[in-house]
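Whatever position you read off the sequence shown (first residue = 1), add 71 for the working numbering.
We put the CB at the ideal spot given by N, CA and C, even for glycine.
Owing to the predicted nature of the structure, the values given are computational and were not obtained by experimental measurement.
Below: one structure, written as structure tokens.
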Amino acid sequence: MTIKKTASAHWTGGLKDGKGEISTQSGALKAQPYGFNTRFEDKPGTNPEELIGAAHAGCFTMALSMMLGQENLTATSLDTKATVSLDQVPDGFKISAIHLDLTGTVPGATQARFEEIANKAKAGCPVSQLFNADITLTTTLKG
Numbered sequence: 072m073t074i075k076k077t078a079s080a081h082w083t084g085g086l087k088d089g090k091g092e093i094s095t096q097s098g099a100l101k102a103q104p105y106g107f108n109t110r111f112e113d114k115p116g117t118n119p120e121e122l123i124g125a126a127h128a129g130c131f132t133m134a135l136s137m138m139l140g141q142e143n144l145t146a147t148s149l150d151t152k153a154t155v156s157l158d159q160v161p162d163g164f165k166i167s168a169i170h171l172d173l174t175g176t177v178p179g180a181t182q183a184r185f186e187e188i189a190n191k192a193k194a195g196c197p198v199s200q201l202f203n204a205d206i207t208l209t210t211t212l213k214g
């Protein structure tokens, strides 16, 4: 089975003075503005790294929920923050690392077991498998 989802980008102008819009098939993003200033100058709007972080955090957290279920554990709360590092390299820019910071409440889990399952989810998440970057993880089990 293959599932296909689409997203699109439209751009006008040069790199620094240009403007773009990103849209998704679902309509969750519709003509969302992005550009040099939203990527490199922290202006309002989105950027590719932010979207990659959202996709990675979402995918990883769903994978973790599945893997916890396989161990007869159910989270009452899982919160993941993905920090995407964009570094300047000699020939441009590179996403060099992504750090996942996970906090969860999982009745019946120990910190060690939670961390073990979370690391399996990090490796098995389809978005994790997409990247050629260092992906790190910290876990905090609450309760």
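Out of curiosity, what's the CA-to-CA distance linking residue i and residue j?
i, j, result
"Cys-196", "Arg-110", "26 angstroms"
"Lys-165", "Tyr-105", "18 angstroms"
"Ala-153", "Lys-191", "17 angstroms"
"Asp-150", "Thr-132", "8 angstroms"
"Met-138", "Gly-89", "43 angstroms"
"Val-160", "Ser-167", "10 angstroms"
"Asn-143", "Gly-129", "21 angstroms"
"Asp-113", "Gly-84", "20 angstroms"
"Gln-103", "Ala-126", "16 angstroms"
"Trp-82", "Thr-95", "15 angstroms"
Below 8 angstroms on the Cβ atoms is my guess for residue i versus residue j; work out the distance and round it to an integer in Å.
i, j, result
"Gly-214", "Thr-176", "5 angstroms"
"His-170", "Thr-210", "That pair is no contact at about 12 angstroms."
"Leu-135", "Ala-194", "With a Cβ gap of about 11 angstroms, Leu-135 and Ala-194 do not count as contacting."
Using only alpha-carbon positions, find the residue among the options that is nearest to residue i.
i, options, result
"Ala-97", "Ala-183, Cys-130, Thr-77", "Residue identity check: residue 97 is Ser in the sequence provided, not Ala. Ranking the options by Cα distance to Ser-97, first place goes to Thr-77."
"Phe-202", "Glu-142, Leu-144, Met-138, Leu-157", "Leu-157"
"Glu-92", "Ile-74, Leu-86, Thr-73, Thr-117", "Thr-117"
"Lys-101", "Ala-80, Lys-87, Phe-185", "Ala-80"
"Ile-123", "Val-198, Asp-205, Leu-212", "Val-198"
"Gly-140", "Gly-163, Pro-178, Glu-120", "Pro-178"
"Thr-147", "Pro-119, Leu-212, Pro-115, Ser-94", "Leu-212"
"Lys-87", "Lys-75, Pro-119, Phe-107", "Phe-107"
"Val-155", "Ala-204, Thr-73, Ala-99, Lys-75", "Ala-204"
"Thr-145", "Gln-200, Ala-99, Phe-185", "Phe-185"
Among all the DSSP beta bridges, which residues are the ones paired with residue i?
i, result
"Ala-80", "Ile-93"
"Asp-205", "Ala-168"
"Thr-210", "Leu-173"
Quiz item: Where in the region 135-192 do unbroken runs of the beta strand (DSSP E), each at least 3 residues long, occur, reported from the N-terminal end onward?
Solution: 148-160, 163-176
Self-check item: Whole runs of the alpha helix (DSSP H) within the region 106-138, excluding any shorter than 4 residues
Solution: 107-111
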